[in-house]
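Just below is one structure, and these are the notes that go with it.
In the UniProt record's numbering, the protein residues as written are 1 to 183.
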(Lines of atoms letter the chains of each structure in order from A; the text may use other names.)
(Lines give C-alpha, C1' and ligand atoms only; values in the text may rest on other atoms or scores of the structure.)
Protein backbone atom coordinates (compact mmCIF):
# COMPACT_ATOMS: atom_id res chain seq x y z
CA UNK A 1 0.00 0.00 0.00
CA UNK A 2 1.30 3.46 -0.87
CA UNK A 3 1.35 5.89 2.05
CA UNK A 4 -0.69 9.05 1.74
CA UNK A 5 1.28 12.17 0.95
CA UNK A 6 2.46 13.81 4.14
CA UNK A 7 2.04 10.65 6.19
CA UNK A 8 4.17 7.68 6.98
CA UNK A 9 3.28 4.04 6.35
CA UNK A 10 1.94 3.64 9.90
CA UNK A 11 -0.60 6.42 9.30
CA UNK A 12 -1.61 4.90 5.97
CA UNK A 13 -2.06 1.53 7.66
CA UNK A 14 -4.20 3.01 10.44
CA UNK A 15 -6.31 4.84 7.82
CA UNK A 16 -6.88 1.50 6.06
CA UNK A 17 -7.94 -0.12 9.34
CA UNK A 18 -10.35 2.73 10.12
CA UNK A 19 -11.85 2.50 6.61
CA UNK A 20 -12.28 -1.28 6.95
CA UNK A 21 -13.75 -1.05 10.45
CA UNK A 22 -16.30 1.57 9.37
CA UNK A 23 -17.18 -0.20 6.12
CA UNK A 24 -15.94 2.64 3.94
CA UNK A 25 -14.78 2.01 0.38
CA UNK A 26 -11.87 3.99 -1.06
CA UNK A 27 -12.96 5.31 -4.47
CA UNK A 28 -11.58 7.49 -7.28
CA UNK A 29 -13.31 9.73 -9.80
CA UNK A 30 -11.75 11.90 -12.49
CA UNK A 31 -13.58 15.17 -13.11
CA UNK A 32 -12.15 17.94 -15.33
CA UNK A 33 -8.56 16.67 -15.09
CA UNK A 34 -8.73 16.28 -11.30
CA UNK A 35 -8.51 12.76 -9.92
CA UNK A 36 -10.47 12.81 -6.68
CA UNK A 37 -10.03 10.18 -4.00
CA UNK A 38 -12.88 9.75 -1.58
CA UNK A 39 -14.45 7.44 0.95
CA UNK A 40 -17.97 6.19 0.30
CA UNK A 41 -20.16 4.23 2.69
CA UNK A 42 -22.36 3.11 -0.25
CA UNK A 43 -25.36 2.93 2.09
CA UNK A 44 -28.56 2.36 0.10
CA UNK A 45 -30.50 5.51 0.99
CA UNK A 46 -31.59 8.75 -0.62
CA UNK A 47 -30.00 10.80 2.17
CA UNK A 48 -26.37 11.74 1.45
CA UNK A 49 -23.93 13.44 3.83
CA UNK A 50 -20.77 14.98 2.35
CA UNK A 51 -17.99 15.66 4.86
CA UNK A 52 -15.20 18.15 4.05
CA UNK A 53 -11.92 18.13 5.99
CA UNK A 54 -9.82 21.12 7.03
CA UNK A 55 -6.60 22.62 5.68
CA UNK A 56 -3.62 20.25 5.39
CA UNK A 57 -5.84 17.36 6.45
CA UNK A 58 -7.23 14.30 4.69
CA UNK A 59 -10.55 12.57 4.13
CA UNK A 60 -9.98 10.13 7.01
CA UNK A 61 -9.63 12.92 9.59
CA UNK A 62 -13.37 13.16 10.28
CA UNK A 63 -14.27 9.45 10.15
CA UNK A 64 -14.49 8.93 13.90
CA UNK A 65 -16.51 12.13 14.36
CA UNK A 66 -19.20 11.20 11.84
CA UNK A 67 -19.22 7.44 12.34
CA UNK A 68 -22.76 7.42 13.82
CA UNK A 69 -24.03 8.70 10.46
CA UNK A 70 -22.89 5.56 8.62
CA UNK A 71 -25.95 3.60 9.81
CA UNK A 72 -28.56 5.92 8.33
CA UNK A 73 -26.89 7.91 5.54
CA UNK A 74 -24.69 7.44 2.55
CA UNK A 75 -21.52 9.30 3.57
CA UNK A 76 -19.03 10.71 1.06
CA UNK A 77 -15.69 12.01 2.38
CA UNK A 78 -13.41 13.43 -0.35
CA UNK A 79 -9.81 14.53 -0.19
CA UNK A 80 -10.21 18.11 -1.38
CA UNK A 81 -8.00 19.14 -4.33
CA UNK A 82 -4.48 19.80 -3.12
CA UNK A 83 -4.88 17.53 -0.09
CA UNK A 84 -4.33 13.83 0.52
CA UNK A 85 -4.43 11.75 -2.63
CA UNK A 86 -6.58 14.07 -4.76
CA UNK A 87 -4.56 15.71 -7.53
CA UNK A 88 -3.52 19.32 -7.21
CA UNK A 89 -2.66 20.37 -10.75
CA UNK A 90 -4.38 23.75 -10.57
CA UNK A 91 -3.19 27.31 -9.94
CA UNK A 92 -5.76 28.44 -7.38
CA UNK A 93 -7.29 26.87 -4.31
CA UNK A 94 -9.67 29.73 -3.47
CA UNK A 95 -12.88 28.68 -1.72
CA UNK A 96 -15.05 29.74 -4.67
CA UNK A 97 -13.07 27.59 -7.08
CA UNK A 98 -12.95 24.65 -4.66
CA UNK A 99 -16.75 24.92 -4.30
CA UNK A 100 -17.13 24.78 -8.10
CA UNK A 101 -14.82 21.76 -8.28
CA UNK A 102 -16.79 20.07 -5.49
CA UNK A 103 -20.07 20.71 -7.32
CA UNK A 104 -18.71 19.10 -10.51
CA UNK A 105 -17.34 16.14 -8.50
CA UNK A 106 -20.64 15.56 -6.68
CA UNK A 107 -22.65 15.90 -9.91
CA UNK A 108 -20.57 13.10 -11.42
CA UNK A 109 -20.54 10.82 -8.37
CA UNK A 110 -24.12 11.38 -7.17
CA UNK A 111 -25.93 12.79 -10.19
CA UNK A 112 -26.75 16.42 -10.94
CA UNK A 113 -29.99 16.63 -8.95
CA UNK A 114 -28.94 14.93 -5.69
CA UNK A 115 -29.34 17.13 -2.61
CA UNK A 116 -26.81 16.72 0.19
CA UNK A 117 -26.31 17.36 3.86
CA UNK A 118 -22.98 19.18 3.86
CA UNK A 119 -20.60 19.08 6.84
CA UNK A 120 -17.39 21.09 6.75
CA UNK A 121 -14.65 21.58 9.30
CA UNK A 122 -12.29 24.59 9.27
CA UNK A 123 -11.27 25.17 5.62
CA UNK A 124 -13.89 22.57 4.68
CA UNK A 125 -16.43 24.73 6.53
CA UNK A 126 -15.42 27.78 4.53
CA UNK A 127 -15.70 25.84 1.26
CA UNK A 128 -18.99 24.35 2.46
CA UNK A 129 -20.41 27.79 3.22
CA UNK A 130 -19.42 29.09 -0.21
CA UNK A 131 -20.83 25.91 -1.82
CA UNK A 132 -24.17 26.38 -0.03
CA UNK A 133 -24.35 30.04 -1.11
CA UNK A 134 -23.52 29.23 -4.75
CA UNK A 135 -25.58 26.04 -5.06
CA UNK A 136 -28.56 26.30 -2.66
CA UNK A 137 -30.64 23.83 -4.69
CA UNK A 138 -28.04 21.14 -3.94
CA UNK A 139 -28.30 21.63 -0.17
CA UNK A 140 -30.60 19.79 2.26
CA UNK A 141 -28.69 21.11 5.31
CA UNK A 142 -25.32 22.63 6.21
CA UNK A 143 -23.22 22.07 9.32
CA UNK A 144 -20.11 24.24 9.62
CA UNK A 145 -17.62 23.29 12.34
CA UNK A 146 -15.19 26.13 13.19
CA UNK A 147 -15.39 27.45 9.62
CA UNK A 148 -12.32 29.36 8.48
CA UNK A 149 -12.83 32.96 7.44
CA UNK A 150 -15.97 33.50 9.52
CA UNK A 151 -15.79 36.32 12.04
CA UNK A 152 -18.18 37.04 14.87
CA UNK A 153 -20.20 40.27 14.63
CA UNK A 154 -19.75 40.82 18.37
CA UNK A 155 -16.62 40.05 20.38
CA UNK A 156 -17.04 37.71 23.35
CA UNK A 157 -16.24 39.01 26.86
CA UNK A 158 -13.32 36.58 27.03
CA UNK A 159 -11.88 37.89 23.77
CA UNK A 160 -12.24 41.48 24.99
CA UNK A 161 -10.19 40.59 28.10
CA UNK A 162 -7.51 39.09 25.87
CA UNK A 163 -7.51 42.15 23.61
CA UNK A 164 -7.25 44.58 26.53
CA UNK A 165 -4.84 42.70 28.83
CA UNK A 166 -3.15 40.02 26.74
CA UNK A 167 -4.38 37.39 29.23
CA UNK A 168 -5.64 34.24 27.55
CA UNK A 169 -8.29 32.86 29.89
CA UNK A 170 -8.63 29.81 27.65
CA UNK A 171 -5.09 28.75 28.55
CA UNK A 172 -5.23 26.42 31.54
CA UNK A 173 -1.94 25.54 33.22
CA UNK A 174 -3.07 24.64 36.74
CA UNK A 175 -6.37 23.57 38.37
CA UNK A 176 -7.14 27.08 39.66
CA UNK A 177 -7.19 28.39 36.10
CA UNK A 178 -10.44 26.52 35.42
CA UNK A 179 -12.33 29.03 37.58
CA UNK A 180 -11.68 31.71 34.93
CA UNK A 181 -13.60 29.61 32.41
CA UNK A 182 -16.67 29.53 34.62
CA UNK A 183 -17.27 33.24 34.46
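Using N, Cα and C, we set each Cβ at its ideal position, and we do this for glycine too.
Buried or exposed by the 16-neighbour rule on C-beta atoms within 10 Å, applied to residue 37:
buried
Just the Cα atoms here: how many angstroms apart are residue 126 and residue 177?
33 Å
Judging by CA-CA distance, which residue of 157, 116 and 149 is the nearest neighbour of residue 132?
116
Nearest neighbour of residue 95, chosen from 174, 112, 29 and 130 [CA to CA]
Nearest C-alpha to residue 95: 130.
Do the stretch 147–156 and the stretch 72–87 meet, that is, are 3 or more Cβ pairs less than 8 Å apart?
no
What's the call for residue 17, buried or exposed, on a 16-neighbour Cβ count within 10 Å?
exposed
If you draw a straight line from the alpha carbon of residue 73 to that of residue 175, how long is it in whole angstroms?
One Cα belongs to residue 73, the other to residue 175, and the distance between them is close to 42 Å.
Going by C-alpha distance, which of 93, 35, 32 and 43 is nearest residue 56?
Ranking the options by Cα distance to residue 56, first place goes to 93.
Grab the span of the beta strand (DSSP E) containing residue 29 for me, first residue to last.
25–31
Residue 140 by DSSP, collapsed to three states: which one?
strand
What is the rounded straight-line gap between the Cα of residue 68 and the Cα of residue 138?
23 Å
Cα-Cα, which of 14, 162, 123 and 112 is closest to residue 135?
112
Limits of the alpha helix (DSSP H) - the one that residue 128 falls within
Element bounds for residue 128: 123–134.
Residues in its own chain within less than 7 Å of residue 58 by CB, not counting five upstream and five downstream?
4, 79, 83 and 84
Excluding the five sequence neighbours on either side, which residues of its own chain have a C-beta within less than 6 Å of the C-beta of residue 47, listed in chain order?
Within the same chain, Cβ atoms closer than 6 Å to the Cβ of residue 47 are found at 73, the five residues on either side in sequence being excluded.
Is the Cβ-Cβ distance between residue 124 and residue 53 less than 9 Å?
In contact: residue 124 and residue 53 (Cβ atoms closer than 9 Å).
Short Cβ contact (9 Å threshold) for residue 19 with residue 63:
Yes.
Which class does residue 52 belong to by DSSP, given the choice of helix, strand or coil?
strand
Selection from 105, 70, 160 and 121 that minimises the alpha carbon distance to residue 22
70
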